[in-house]
Each structure stands twice: as structure tokens, then as C-alpha cells.
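A.B. asks:
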Amino acid sequence: MRSTVIALVFMFSTAGAVFAGGDVTRVIDIINDSEGYAGAVVVEGELIGDYGRRSDGTVWTQLNDDVYVYSPTVLGNLGGANIGIGVRLPAALIEGLAEPGGYRERGPVVRLEGVWKHHDPDRGGESYLEVSKLTLLEPAMVLEETADVIPAGVGVVLIAIAIGLGVSRRRDDATG
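So the mapping is simple: this note's numbering equals the position in the sequence shown, first residue as 1, plus 169.
1) Check whether the segment 219-233 touches the segment 252-263, counting contact only when three or more Cβ pairs, one atom from each stretch, lie closer than 8 Å.
2) Report yes or no: do three or more beta-carbon pairs, one from the segment 280-295 and one from the segment 320-331, lie closer than 8 Å?
3) Do you know how far the Cα of Gly214 is from the Cα of Gly276?
4) Closest to Gly221 by C-alpha separation, out of Asn251, Pro269, Glu307, Asp289, would be which residue?
5) Measuring straight from C-alpha to C-alpha, what distance separates Val196 and Ile319?
6) Excluding the 5 residues preceding and the 5 following Ala267 in the sequence, name in chain order all residues of the same chain whose CB lies nearer than 6 Å to its CB.
7) Report buried or exposed for Tyr237, applying the criterion of at least 16 other Cβ atoms within 10 angstroms of its Cβ.
8) Taking the C-alpha atoms as reference points, what is the distance between Asp198 and Glu307?
9) DSSP has Arg275 in a bridge; who is on the other side?
10) Beta-carbon separation of Ile263 and Val228 under 7 Å?
11) Output needed for Lys302: all residues of its chain with C-beta closer than 6 Å, excluding positions within five of it in sequence on either side, in chain order.
12) Closer than 6 Å by C-beta to Val311: which residues in its own chain qualify, once you throw out the five before and the five after it? Chain order, please.
13) Within this structure, are the beta carbons of Val279 and Leu305 separated by less than 7 Å?
14) Excluding the 5 residues flanking Ser240 on each side, which residues of the same chain have their C-beta closer than 8 Å to its C-beta?
15) Going along the chain, which residues of its own chain have a beta-carbon closer than 6 Å to the beta-carbon of Asn251, five neighbours each way excluded?
16) What are the residues that DSSP puts in a beta bridge with Asp289?
17) Can the beta-carbon of Ala260 be found closer than 7 Å to that of Gly226?
18) Which of the three DSSP states, helix, strand or coil, is assigned to Ser203?
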């Protein structure tokens, strides 16, 4: 009886992991151990760059998983390097999805499920994620840039001083 209870507890405690679609793997971990992650993975991040559409019905793009995904920086302090991987997916998966992010917009934040291909011989040794499922987590958004008032104010004051000095010097030259 005791072993049956233990078996049932174990079965139900691990069932969630099986049905949850797998744990999310950080992109930096894949980069640091590309060969070790060859196989099925789930990653989350921002689609960036552009959609490289191919004649075979697939699309190539990049998925970034770094500090800027959830805290995009506009005129702020940098929080580290961009960290991303190449992804290849069926074009049908991006239908209705916004364009990938760039300098002034954050791209769609997605969960990608697929197979990590480490040095795929069919693709000239390329390492990339072959995506089979895409889930939109957050839509794309425009990053608003606002002027920083202190440097703008200092600039206006310096321009006023320069104009004042120029006018003063012209008067001195005219009278002098």
C-alpha cells in the first residue's frame, strides 16, 4: 500500500512538467552549451531584426533573450549585451504577427518550441532553432523617446551665450 501511495504521489507531482510543454531554456545557456542542448527546447524572448522569407515557405529571424526584452532602454543606461539565436520557422506561424523589433520598437515577445540544431550539416553547419510552435506572450510596442531636459537646457543656455558673445563682439568691432 505504501509503495502504491508513493508511486501515485510521484506520478501526479511530475505530470505537470510533462503537460506544461517543458521548462523554458535561457538563450545564454544554449549559447554556452550549444551541443548539450541539441534536441527539443522551449525558449522565450523578443523577435528582432527582420523576417527573412524563403521560397521553401520558411522564415528566418532572431530571438533575443536579454535584459532589454522586458525593460527596453530608450535614452537610458545600458544593461549588458544583446543575447540571441537564429530561428527558422514555417511562415504560417508569423501570420498576423507584428514585424520584429528594432531600434525604436520592441518586437513581439514569444515562446518558441522546437528543436535546437547544433551545427546542422543540412544548413552548412549553422546552429539555430527549428520552430514548431509559437505562442505570443506580449505584442510589439513602439518605444517612446523623450528629450532629457537637463542636456537640452544646457544646450539652449550655451547657444544663448554664444549668440550674446557674438553680438557683443560685433558691437566692440563696430565701435572700436
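By construction, the Cβ of each residue, glycine as well, lies at the ideal position given by its N, Cα and C atoms.
Keep in mind that this is a model prediction, so the values were computed, not measured.
C.D. replies: Taking the definition as stated:
1) yes
2) no
3) Stepping through the sequence shown from its first residue, residue 276 is reached at position 107. Stepping through the sequence shown from its first residue, residue 214 is reached at position 45. Gly214 has its alpha-carbon roughly 9 Å from the corresponding atom of Gly276.
4) As a working note, residue 221 is residue 52 in the sequence shown. Of the listed residues, the one whose Cα sits closest to Gly221 is Pro269.
5) Residue numbering aside, residue 196 sits at position 27 when the sequence shown is read from its first letter. Residue numbering aside, residue 319 sits at position 150 when the sequence shown is read from its first letter. Val196 and Ile319: Cα-Cα distance of roughly 38 Å.
6) What you label residue 267 is simply residue 98 of the sequence shown in a count that begins at 1. Excluding sequence neighbours, Ala267 sits near Pro277, Ala309.
7) One-based indexing of the sequence shown puts residue 237 at position 68. Buried.
8) Looking up residue 198 in the sequence shown gives position 29. Looking up residue 307 in the sequence shown gives position 138. Those two C-alpha atoms are separated by around 23 Å.
9) On the sequence shown, residue 275 is found 106 positions in, with the first residue counted as 1. BP columns for Arg275 point to Met310.
10) Position 94 of the sequence shown, counted from the start, is the residue given in the question as residue 263. Position 59 of the sequence shown, counted from the start, is the residue given in the question as residue 228. In contact: Ile263 and Val228 (Cβ atoms closer than 7 Å).
11) For the purposes of this step, residue 302 is taken as the residue at position 133 of the sequence shown. The residues are Glu282.
12) As a first step, residue 311 is located in the sequence shown; it is residue number 142 there, counting from the start. Once the five neighbours on either side are set aside, the close Cβ partners of Val311 are Glu274.
13) Counting from 1 along the sequence shown, the entry for residue 279 is found at position 110. Counting from 1 along the sequence shown, the entry for residue 305 is found at position 136. The answer is yes: Cβ separation under 7 Å.
14) In the sequence shown, residue 240 corresponds to position 71, counting from 1. Gly248, listed in sequence order.
15) As a first step, residue 251 is located in the sequence shown; it is residue number 82 there, counting from the start. Non-local beta-carbon contacts of Asn251 in its own chain, meaning distances under 6 Å to residues more than five positions away in sequence, involve Asn233, Asp235 in chain order.
16) Taking the sequence shown and counting its residues from 1, the one referred to as residue 289 is at position 120. For Asp289, which the question treats as bridged, DSSP gives the partners Glu295.
17) For the purposes of this step, residue 260 is taken as residue 91 along the sequence shown, with counting starting at 1. For the purposes of this step, residue 226 is taken as residue 57 along the sequence shown, with counting starting at 1. The answer is yes: Cβ separation under 7 Å.
18) The residue you call residue 203 lines up with position 34 of the sequence shown. Coil, per DSSP.
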